[in-house]
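Here the structure comes first, spelled out in structure tokens, and everything after it is commentary.
Right, dumping it as structure tokens:
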């Protein structure tokens, strides 16, 4: 079978950075082709070349064996190439049918809703992509929104589907449903490029796997021959972490020390599209990692904002180290020893126009102030120690932080936040977007921070990570805590149903 889409010797350079170095890749109909690599390996650049977002410096893209000069995503879609991004391109207020209709280019001047819905249902029923076509997108689960994105591409006659981290916001049973969709698409001859950091998922669904490192392809192998250790070796060479080990920490009889944070019947008001919190009772002890599971939009971000003081209490009280912190400002909260790793580091924890060095001093209070000046030497020394503890390379301090890749920006923010021995760490998706090695370093540091006496609130979409890290696991849905489990006392399927509201019972382990 000849490939539907090919990349031959693709090379792309940004200044001194070689993003892609003679990369060759082929996508065949009827297969899932997984693309793996650490942060900065060149995966995103390659996918953008294939989708027409950027033009390579050299090399060729072939569609059905013919050279294709892709100068825009529109031209890629005309040639049957579609892409589902990490952040969905949907209009929340419009219905499913309206969102899909806006994406189509071959509609008549007068559009009949029933005709469009008939076309959608034809694909949805055949491929297991059933969704309420009249429902506003804002009312759909994340898994159903992803189905809408795939339907948009299928109705636009895409034959090649590029999916960038498609499982990052899905509950376990939704991941299984997505893989069932993959099987249906394969049976009809579609080619799927599956970009992910989750080795277990690659092994579960990929027919072929390509691994990239430092802009180059380091190898390709059939999915049936892949295991975690082999893939990690291909990603990192001889300087690699072992594949994630599920290190079991015995369930404590009771957390040592005193409470670091307490919320009593805490609630917030809904503003815009944000979720109101309802009757949150939460206690985080010294030497404890409390994990929080929930699909996107369940109130996790709002919980982090409430703890930091970014969001005022509408009801209830907040205590930090036995002090009533209900009315504390963000500055006072931070200076009292609260570190924050946000969901979106560029939007919430960095100023893009400032240098890396200038961003590293943010949030440190007056720690490095010497009168009206800043002791940059002391800052650089302390931050170098923090980067070293994490196993992260130190970026060029005089370069704009907004020019860093997403993974490198996240590394810089984490190194800054963990540099001064925090009493409480609020981590929202701390390892999302990081490669295996960097993610392992972050998890190890969070454990060391806990063991040194701090409390950690870890919000994550990765249930494997939560299983490894959490001393207690909480589940959020609709702005409320709907489940609590002791370590090793929960099953992923049970938590997944609580996360999506498909099971209402609360189990306390």
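Numbering (the working numbering), first residue to last: 66 to 574. C-beta atoms are modelled at their ideal positions from N, C-alpha and C, and glycine is treated no differently.
My understanding is that residue 345 touches residue 489, with C-beta atoms under 8 Å, so please give their C-beta distance in whole angstroms. That pair is no contact at about 16 Å.
Taking residue 156 as the reference, which of 171, 201, 347 and 185 has the closest Cα? 201
In the structure shown, what three-state DSSP assignment does residue 516 receive? helix
I'd like the ranges of any alpha helix (DSSP H) spanning at least 4 consecutive residues and lying wholly in the segment 185 to 228. 207 to 220
Over the uninterrupted alpha helix (DSSP H) stretch that includes residue 475, give me the two end residues. 471 to 482
Under a Cβ-count criterion, where at least 16 other Cβ atoms within 10 Å of its own Cβ denotes burial, should residue 61 be classed as buried or exposed? Missing from the structure shown is residue 61; the chain here goes from 66 to 574 and no further.
Under 8 Å, with one C-beta from each stretch per pair, do the segment 404 to 416 and the segment 469 to 479 reach the 3-pair mark? yes
My assumption, with CB atoms under 8 Å, is that residue 387 sits in contact with residue 323. Please give the rounded CB distance. 7 Å
Are the segment 252 to 261 and the segment 98 to 118 in contact at 8 Å, needing three or more beta carbon pairs? yes
At the level of alpha carbons, what is the spacing between residue 496 and residue 505? 8 Å
Between which two residues does the beta strand (DSSP E) carrying residue 285 extend? 281 to 287
Hey, quick one: how far does the beta strand (DSSP E) through residue 91 stretch, first residue to last? 82 to 92
The alpha helix (DSSP H) spanning residue 139 covers which residue range? 138 to 143
Spatially closest choice to residue 117 from 123, 129, 107 and 133, by CA coordinates: 133
Looking at the secondary structure, which residues open and close the beta strand (DSSP E) in which residue 349 lies? 345 to 350
Quick one, which of 372, 87 and 358 has its alpha-carbon nearest residue 333's? 372
Who does residue 545 pair with in a DSSP beta bridge? 542
For a quick check, are the C-beta atoms of residue 69 and residue 92 less than 7 Å apart? yes
Under DSSP, the beta strand (DSSP E) around residue 324 begins and ends at which residues? 324 to 332
Secondary structure of residue 146, DSSP reduced to three states: strand
Spatial neighbours of residue 283 within its chain, please: C-beta separation below 8 Å, excluding the five flanking residues on both sides. 276, 277, 299, 300 and 302
Which value, in whole angstroms, describes the spacing of the CA atoms of residue 121 and residue 129? 19 Å
Under three-state DSSP, which class holds residue 510? helix
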